[in-house]
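Only one structure is covered here, and it is reproduced in the block below.
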């Protein structure tokens, strides 16, 4: 009866009612019927809510931490602790979507064999947590030893959240993906039938951006793409600057999120950085070089410190996020160990048509975070507070 009543409402009145609802409710109402989905997509665009920076510090055999910094004054607003359930396990963050966090706890066995792996999705504001069932696993030696790769994504049209699992296959081959849609009860297998076949690179993490999940193939030549709406897998060429043989030996690169689009960042030990951004998408994706020659104020000596751009969230507004950790001498044991973890923001300009950087008023590094001595990895994410409930497995 209620649905029949809404059908009789004029479109303008219906839109006004929808606009009074929070964004999280409108996302769920997309699933009611085609008319509701089309009306919400076309007439009620999501409000542009300022996102904050979330820094996640992964600790082995200890509590991992999520620290949230305000997007206006850059002060710390939240600090959440995620303790490990076992002394040999570690908790990593897979990703964030609309205020929901996806966490992965993993523990390798003492002999390097089978492992424990658990995925949870949580809303730290409401305290709701959903534990996903374990992803199916074969008895191939590669899958016994490794949990594979995970990514957490959201498709703005369907309003659905999905956890994507890339199983660890022989010779890094990918024959099928495993996908868990929040609200469902089980993982589904998604065949991968792209020609000439799909692989993955164990050294690089996948990333979900704008309704798609991306990962790098085994040879770093191509980027694989899973569309989270139709779950079709395609691939396209990686940017030339990231291909083996075309980058310096001391360089490394990562898949990143650059203002809501897929980015590839190539960084050297001296602090030089190139950032390439995917344009177009669809059948004919193209790469454009967005930033170049991003160098810190002080030179970085590779032997004494490590210098990285932050990932997977590379940008925040007009800033590049940069991570730093340095070696400190241990006078008791006589060796060096990792020191403080630091997070900086760096104001940069886009490249002009001639390939030169536009001038900026604030070129210096500004420190956002300086944590106590830690051997944990640092990741950065975009985060926005929400009261959106975590979709239930039974709902």
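Residue numbers (the working numbering): 23 to 417. C-beta: ideal position from N, C-alpha, C; glycine also. A quick note: this is a predicted structure, and the numbers were derived from the prediction, not measured.
**Message:** Spatial neighbours of residue 92 within its chain, please: C-beta separation below 7 Å, excluding the five flanking residues on both sides.
**Reply:** Position 70 of the chain shown, counting from 1, holds the residue named residue 92. Cβ within range, chain order: 74, 99.
**Item:** Supposed close pair residue 478, residue 226 - CB separation, criterion 8 Å
**Value:** This structure cannot speak to residue 478, because the chain is shown only from 23 to 417.
**Prompt:** Going by the CB atoms, is the gap between residue 282 and residue 231 shorter than 8 Å?
**Reply:** By 1-based counting over the chain shown, the position of residue 231 is 209. By 1-based counting over the chain shown, the position of residue 282 is 260. Going by C-beta atoms, residue 231 is nearer than 8 Å to residue 282.
**Message:** Suppose contacts are defined by Cβ-Cβ distances below 8 Å. Is residue 257 in contact with residue 216 by that definition?
**Reply:** Against the chain shown, residue 257 aligns to sequence position 235. Against the chain shown, residue 216 aligns to sequence position 194. Their beta carbons are under 8 Å apart, which means residue 257 touches residue 216 by this criterion.
**Residues that residue 206 bridges to, as DSSP identifies them** = The residue labelled residue 206 in the question sits at position 184 within the chain shown. DSSP lists 204 as partners of residue 206.
**Message:** Can you list, in chain order, the residues of its chain with a C-beta nearer than 7 Å to that of residue 119? Leave out the 5 residues immediately preceding and following it.
**Reply:** Reading the chain shown from its first residue, position 97 is the one you call residue 119. Only 174, 175, 176, 183 meet the Cβ criterion.
**Prompt:** Would you call the CB atoms of residue 39 and residue 408 closer than 8 Å?
**Reply:** The residue given as residue 39 occupies position 17 in the chain shown. The residue given as residue 408 occupies position 386 in the chain shown. Contact flag unset, no.
**Request:** Tell me the start and end of each unbroken beta strand (DSSP E) in the stretch 139-185 that is at least 3 residues and wholly inside, in chain order.
**Result:** 150-153, 171-177
**Request:** Confirm, please, whether the CB-CB distance from residue 367 to residue 343 is below 8 Å.
**Result:** Here residue 343 refers to the residue found at position 321 of the chain shown. Here residue 367 refers to the residue found at position 345 of the chain shown. Contact flag set, yes.
**Asked** Among 299, 111, 77, 95, which has the Cα closest to the Cα of residue 401?
**Response** Here residue 401 refers to the residue found at position 379 when the chain shown is read from its first residue. Minimum Cα distance to residue 401 is reached at 77.
**Request:** Within its chain, find whatever has a CB closer than 6 Å to the CB of residue 418; leave out the 5 residues flanking it on each side and keep chain order.
**Result:** As displayed, the chain neither begins before 23 nor continues past 417, which places residue 418 out of reach and without an answer.
**Request:** Could you tell me the distance, in whole angstroms, from the CA atom of residue 106 to the CA atom of residue 113?
**Result:** Your numbering for residue 106 matches position 84 in the chain shown. Your numbering for residue 113 matches position 91 in the chain shown. Going from the Cα of residue 106 to the Cα of residue 113 covers about 6 Å.
**Item:** Straight-line Cα distance separating residue 85 from residue 242
**Value:** Residue 242 sits at position 220 when you count from the first residue of the chain shown. Residue 85 sits at position 63 when you count from the first residue of the chain shown. Rounded to the nearest angstrom, the two C-alpha atoms are 33 Å apart.
**Message:** Tell me which residue opens and which closes the alpha helix (DSSP H) that residue 36 is part of.
**Reply:** For this step, residue 36 is matched to residue 14 along the chain shown. Here the alpha helix (DSSP H) through residue 36 covers 33-41.
**Item:** residue 369 (DSSP reduced to helix, strand or coil)
**Value:** Locating residue 369 in the chain shown gives position 347, where the first residue counts as 1. If DSSP states are grouped into helix, strand and coil, residue 369 belongs with the strands.
**Asked** What span of residues does the beta strand (DSSP E) with residue 249 cover, start to end?
**Response** Here residue 249 is taken as the residue at index 227 of the chain shown, counted from 1. Counting along the chain, the beta strand (DSSP E) containing residue 249 begins and ends at 244-249.
**Message:** With a threshold of 6 Å on Cβ separation, who are the neighbours of residue 102 within its own chain once the five nearest residues in sequence on each side are excluded?
**Reply:** Within the chain shown, residue 102 is the residue found at index 80, counting from 1. These residues qualify, in order along the chain: 88, 146.
**Prompt:** Can you give the Cα-Cα distance for residue 296 and residue 331, rounded to whole angstroms?
**Reply:** Sequence index remark: in the chain shown, residue 296 carries index 274 (1-based). Sequence index remark: in the chain shown, residue 331 carries index 309 (1-based). One C-alpha to the other measures close to 10 Å.
**Message:** Counting C-beta neighbours from all protein chains within 10 Å, is the total for residue 80 16 or more, i.e. buried, or is it exposed?
**Reply:** The residue labelled residue 80 in the question sits at position 58 within the chain shown. Residue 80 comes out buried.
**Request:** Compute the minimum distance between the beta carbon of residue 171 and the heavy atoms of the ligand NAP, and state whether it is under 7 Å.
**Result:** Judged by which ligands are present, the structure shown has none, so any question about the ligand NAP falls away.
**Asked** Within this structure, are the beta carbons of residue 336 and residue 280 separated by less than 8 Å?
**Response** Locating residue 336 in the chain shown gives position 314, where the first residue counts as 1. Locating residue 280 in the chain shown gives position 258, where the first residue counts as 1. A contact, by the Cβ cut-off of 8 Å.
**Prompt:** In whole angstroms, what is the alpha-carbon distance linking residue 110 and residue 90?
**Reply:** On the chain shown, residue 110 is found 88 positions in, with the first residue counted as 1. On the chain shown, residue 90 is found 68 positions in, with the first residue counted as 1. Taking the straight line joining both Cα atoms gives about 27 Å.
**Asked** What does DSSP give as the partner residues of residue 51 in its beta bridges?
**Response** Looking up residue 51 in the chain shown gives position 29. For residue 51, which the question treats as bridged, DSSP gives no partner whatsoever.
**Prompt:** Would DSSP call residue 228 helix, strand or coil?
**Reply:** Within the chain shown, the letter at position 206 stands for residue 228. Of the three classes helix, strand and coil, the one that applies to residue 228 here is coil, per DSSP.
**Asked** Where does residue 306 sit, in a helix, a strand or coil, going by DSSP?
**Response** For the purposes of this step, residue 306 is taken as residue 284 along the chain shown, with counting starting at 1. If DSSP states are grouped into helix, strand and coil, residue 306 belongs with coil.
**Item:** Three-state secondary structure (DSSP) of residue 96
**Value:** Translated into positions along the chain shown, residue 96 becomes position 74. Residue 96: coil per DSSP, three-state reduction.
**Request:** Let me know the secondary structure DSSP gives residue 194 once reduced to three states.
**Result:** Reading the chain shown from its first residue, position 172 is the one you call residue 194. In the structure shown, residue 194 sits in a helix (DSSP, three-state: H, G or I).
**Asked** When DSSP labels each residue in this structure, what does residue 262 get in the three-state scheme?
**Response** Working through the chain shown from its first residue, we reach residue 262 at position 240. Correct three-state label for residue 262: helix.
**Request:** Specify the secondary structure class of residue 60 as computed by DSSP and reduced to three states.
**Result:** As a first step, residue 60 is located in the chain shown; it is residue number 38 there, counting from the start. Reduced to three states, the DSSP call for residue 60 is helix.
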